[in-house]
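Number of protein chains: 2
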Amino acid sequence: MDEAAKKTALRMFTYGLYVVTARDGDDENGFTANWLTQVSFEPPMLAVSVENQSHSISLIRRTGIFTVNVLASGQRELAGLLGKRWEKVPDKLAWVAHHPGPNGCAVLDDARAYLECEVTGSIPAGDSTVFIARVVGAGVLREGEPLTMAEAGFRHAG
Amino acid sequence: MDEAAKKTALRMFTYGLYVVTARDGDDENGFTANWLTQVSFEPPMLAVSVENQSHSISLIRRTGIFTVNVLASGQRELAGLLGKRWEKVPDKLAWVAHHPGPNGCAVLDDARAYLECEVTGSIPAGDSTVFIARVVGAGVLREGEPLTMAEAGFRHAG
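Going down the list, the protein sequences come from chains C and A.
Number 1376 marks the last residue of the first sequence (the numbering used here); no jumps.
Number 1376 marks the last residue of the second sequence (the numbering used here); no jumps.
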């Protein structure tokens, strides 16, 4: 395989930036994600790829639920903060204004919108696991355009 | 669930536009996709959601391979043409300059880049199926920015 071509082609993929939150009792976390896409209209479902070595994957596995916060244009700093590894900043959410959504997972006060999700399946994908989830709740918190990877200038968030 | 909020939140997701091609002997097809994301760095893997009622899903199931063509900025018309349903335009690829890549699936002459993929698994997702695939080949055909859904003004491509 042409490694340089592979790298270039994969960097041409277009992404938004999201914060995925999960909670199991007092153990809660949030991480910035860009490997995320809707996958079904009826019922509404989405997929998110989560690193196997992450803290949040154990929360999602245990509870089968998570919330996707859609970041808004201008929130690059927020995406960067929540993109730090849990091992380095285990209390990331303490630095960000948030409140529990109906399912208990954190909704960021400044998110553009959020979607509450229930996992229906998962499948291994190399260094990560892809979770397939049904959208079971949603809220819109503000107006505006979404934050994109292009705006943030990130190569990969998580 | 707040249906209006769900719709608004899902429309805030950010996507690129890609043409996924598949081939089984003389039976070949291509379709415009936006529900597509990288899902692993090592090995490099991606996921694409394919409608259960599509013609291409049977090709991908039979052969276990496909190619992702990354469209370039300015190629809205190409994305629209290849987004038409196979039942209406069964010879879509005949309208577009293309050549077979190393794996036999079509590479669009005007694509920004392409990635050859081998399916490693699939998982049901409502009206679609998510295919997880390993990137096994790649090529870069031209310079430029990728085509985004925002540029095209589409709400959903496939």
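Every residue, glycine too, gets a C-beta built ideally from N, C-alpha and C.
- R1241/C sits in a strand when the DSSP states are folded into three classes.
- Collapsing the DSSP output to three states places S1258/A in a strand.
- Per the coordinates, the alpha-carbon of L1228/A lies some 19 Å from the alpha-carbon of V1268/C.
- With respect to chain C, the C-beta atom of A1331/A has a partner C-beta closer than 7 Å.
- A distance below 8 Å between beta-carbons, with the five flanking residues on each side excluded, links V1325/C to the following residues of its chain, in chain order: T1239, T1285, N1287, H1316, H1317, P1318, G1319, Y1332, G1357 and L1359.
- Put simply, the backbone Cα of I1278/A is about 8 Å away from that of R1241/A.
- The criterion of a C-beta distance shorter than 7 Å is satisfied by G1339/C and I1341/A.
- E1369/C places its beta carbon 7 Å or farther from that of A1351/C.
- Looking at the DSSP output, N1287/C bridges to V1237/C and Y1332/C.
- Beyond the five residues adjoining it in sequence on each side, T1232/C comes within less than 8 Å, by CB distance, of T1366, M1367 and A1368 in the same chain, given in chain order.
- At a Cβ-Cβ threshold of 7 Å, A1290/A and G1362/A count as neighbours.
- Comparing alpha carbon positions, the residue from L1299/A, G1322/A and G1344/A closest to V1314/A is L1299/A.
- Shown here for D1245/A: same chain residues with a beta carbon closer than 7 Å to its own, the five before and five after excluded, namely L1277 in chain order.
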